[in-house]
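Enquirer: Residue numbers (the numbering used here): -13 to 107.
1. Give the straight-line distance between the Cα atoms of residue 76 and residue 101, rounded to the nearest whole angstrom.
2. Determine the DSSP secondary structure at residue 91, reduced to helix, strand or coil.
3. Can you have a look at residue 24 and say buried or exposed, based on whether 16 or more other CB atoms are within 10 angstroms of its CB?
4. Looking only at C-alpha atoms, which of 90, 98, 81 and 49 sits nearest to residue 63?
Pasting the structure below:
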């Protein structure tokens, strides 16, 4: 799973302050996790314009079902508002998913959008 920046500021990628902790949580769950840019070149900020500390923002690139389901599992343990922006590549197509809302509602939506779910035959 690859975390994506929220924005760039004068060429410096800007990531949410929560990114390192989220990465540690996913690594502990057995995933390979990194930022799109080398961490030494990134800014990790708690607020950016209208982005507030109470809104957990996650931008990720997901290339496997393990990453998709680990993200949902992590969000099930959260409360409050979250925003998930994901680029999902299932080997056939690449899709962008963006969901904002209460953590439980976001998980429910991600379950519905599951690009890795097997279609019934």
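Think of the CB as a built atom: it goes at the ideal place given N, C-alpha and C, for glycine as much as any other residue.
A quick note: this is a predicted structure, and the numbers were derived from the prediction, not measured.
Expert: The relevant details are as follows:
1. Start at 1 with the first residue of the chain shown, and residue 76 comes out as number 90. Start at 1 with the first residue of the chain shown, and residue 101 comes out as number 115. The C-alpha of residue 76 lies about 7 Å from the C-alpha of residue 101.
2. Stepping through the chain shown from its first residue, residue 91 is reached at position 105. DSSP places residue 91 in helix when its eight states are reduced to three.
3. Mapped onto the chain shown, residue 24 falls at position 38. Around the beta carbon of residue 24, a 10 Å sphere encloses fewer than 16 other beta carbons of the protein chains shown; the residue is thus reported as exposed.
4. Position 77 of the chain shown holds residue 63. Among 90, 98, 81 and 49, the Cα nearest to that of residue 63 is on 90.
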